Amino acid sequence: VLIVMSIVKVQGQPLIDIREAAKGGVQWDMVITTVTVLVLSTVMTNDASGIKEGLQLILQPVLSHLSPMLLIVGIVVSSLILTNLIQNMVVAVLYLPIIATLCTTMDINGWGLVAIIALTSSCAFVLPSGSPIAAIIHSNPWVKPTEVMKFGIVIVVMMMMVMSVVAVLFTNLLITPWQP
């Protein structure tokens with residue numbers, strides 16, 4: 003689109019001068035934050051890093067002793083907290099193998115949890131590292147970052163309560179057995 007806009011001319015002038023747009027029209031702090039988070043998230047989800055396997059080794063013995071309802075609420079709450087600290091897709095990629103393993107061993111219907119993780123991992127509002135959308139909101143000159151964080155925390159707390167109830171109901175109401 004930018005290339006076309008720089009080629010198309012109106013009254014002898016291009017619709018956009020890319021050099022001028024890059025100087026004053028690009029919020030570079032948002033671009034740098036988004037690129038950095040995407041690079042780090044790629045490293046964190048890479049199988050060679052061992053982060054997914056390490057988390058499974060650490061969490062599975064601890065979480066397998068919890069009651070299914072407490073486990074479901076814990077997964078919802080922890081995924082909502084993590085998705086606001088690190089890139090939301092990283093949270094989804096890290097949680098899904100853990101959920102598959104735990105649901106299989108604990109005989110919990112995992113389809114509901116998978117759907118809930120898909121929803122909770124998209125609720126990144128508090129910090130700019132949570133998602134590209136959050137980075138754009140935080141870099142907006144019309145909104146103070148403290149306001150974004152304040153309202154983001156309120157939204158996340160409400161989402162914790164709603165998603166915990168929905169997750170418990172969802173996993174208990176689904177009759178289909180879990181077969182990853």
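Under my numbering, read the sequence shown as residues 3 to 182, first letter to last. Each residue gets a CB set at the ideal place from its N, CA and C atoms; glycine is no exception. None of these values were measured; they are calculated from a predicted model.
In its own chain, which residues sit with a C-beta less than 7 Å from the C-beta of residue i, not counting the 5 before and 5 after it?
i	result
Leu115	Ile74, Ile77, Ile101, Cys105, Ala169 and Thr173
Quick one: Cα of residue i to Cα of residue j, how far?
i	j	result
Met7	Ala23	12 Å
Asn86	Ala120	14 Å
Ser51	Tyr97	16 Å
Val12	Val150	40 Å
Met91	Leu171	25 Å
Ile177	Ile118	With a pLDDT of 47 at Ile177, under the threshold of 50, the predicted position of this residue should be treated as unreliable, though the coordinate-derived value follows. Near 17 Å, if we compare the C-alpha coordinates of Ile118 and Ile177.
Asn111	Phe153	33 Å
Gly14	Ile34	34 Å
Asp19	Ile5	10 Å
Excluding sequence positions up to five away, which residues of its chain have a Cβ less than 8 Å from the Cβ of residue i?
i	result
Pro16	Met7, Ser8, Ile9 and Val10
Val79	Met162 and Ser166
Ile155	Val128
According to the neighbour-count rule (16 or more other Cβ atoms, all chains shown, within 10 Å of its Cβ), is residue i buried or exposed?
i	result
Ile72	The sequence shown places Leu at residue 72, rather than the Ile named in the question. Exposed, by the Cβ-count rule.
Leu129	buried
Ser81	buried
Val45	exposed
Val37	exposed
Leu84	buried
Taking CB distances under 9 Å as the criterion, tell me whether residue i reaches chain D.
i	result
Gln13	The structure shown has no chain D; it contains just one protein chain.
For residue i, I'd like the list of residues in its chain whose CB is within less than 6 Å of its CB, leaving aside the five on either flank, ordered along the chain.
i	result
Ser133	Asn90 and Ala126
Taking only heavy atoms of the ligand ATP into account, decide whether any of them is closer than 8 Å to the Cβ of residue i.
i	result
Ala120	Here there are no bound small molecules, and the ligand ATP is not part of this structure.
Name the residue from the options whose alpha carbon lies nearest to the alpha carbon of residue i.
i	options	result
Ala136	Gly26, Ile88, Asp49 and Gly56	Ile88
Val93	Pro70, Ile5, Ile138 and Ser131	Ser131
Gly56	Pro99, His67 and Lys146	Pro99
For the stretch 154-168 against the stretch 120-132, do three or more pairs of beta-carbon atoms, one drawn from each stretch, fall closer than 8 Å, so that the two count as touching?
Below 8 Å, enough C-beta pairs join the stretch 154-168 and the stretch 120-132 to call them touching: three or more.
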